[in-house]
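Notes follow the structure.
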Amino acid sequence: MSTTERAVLAGGCFWGMQELIRKRPGVISTRVGYTGGDVPNATYKNHGTHAEGIEIIF
1 MSTTERAVLA GGCFWGMQEL IRKRPGVIST RVGYTGGDVP NATYKNHGTH AEGIEIIF
């Protein structure tokens with residue numbers, strides 16, 4: 001039986017973080033987006049106070 005873990009991190013450009021993290025041993029998948037802000041359905045052009053984040057499944 002295998003167990004997966006989930007982490008959500010924010011710290012600068014999510015594309016750069018994703019490129020580094022997804023190549024690490026044990027990482028199953030990554031997904032980028034916006035987290036923790038005040039705009040419903042945040043987008044690149046309208047993300048309000050959201051931070052760029054990355055979800056990591058490992």
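53 is the number that our numbering gives to position 53 of the sequence shown; each next residue is one higher, with no gaps. Backbone N, C-alpha and C fix where the C-beta goes; we use that ideal spot for every residue, glycine too. Values in this document were obtained by computation on a predicted structure and should not be read as measured data.
Distance, residue j Cα to residue i Cα
i: G36; j: G16; result: 20 Å
i: A7; j: V32; result: 12 Å
i: K65; j: A42; result: This structure cannot settle anything about residue 65, because the visible part of the chain is limited to 1 through 58.
i: E128; j: I57; result: Because the chain spans 1 through 58 in this model, residue 128 falls outside it and cannot be assessed.
i: G12; j: G48; result: 15 Å
i: D38; j: T4; result: 30 Å
Residues near residue i by beta carbon distance below 6 Å, same chain, minus five either side
i: A51; result: A10, T35 and G36
Collapsed DSSP secondary structure at residue i in the structure displayed
i: G37; result: coil
i: G53; result: strand
Same chain, Cβ closer than 8 Å to residue i, neighbours up to 5 away in sequence not counted
i: N46; result: V39
i: T30; result: Q18, I21, R22, I54, E55, I56 and I57
| Fully enclosed by the stretch 5–30, which alpha helix (DSSP H) runs are 4 residues long or longer? | Qualifying alpha helix (DSSP H) stretches, in chain order: 14–21.
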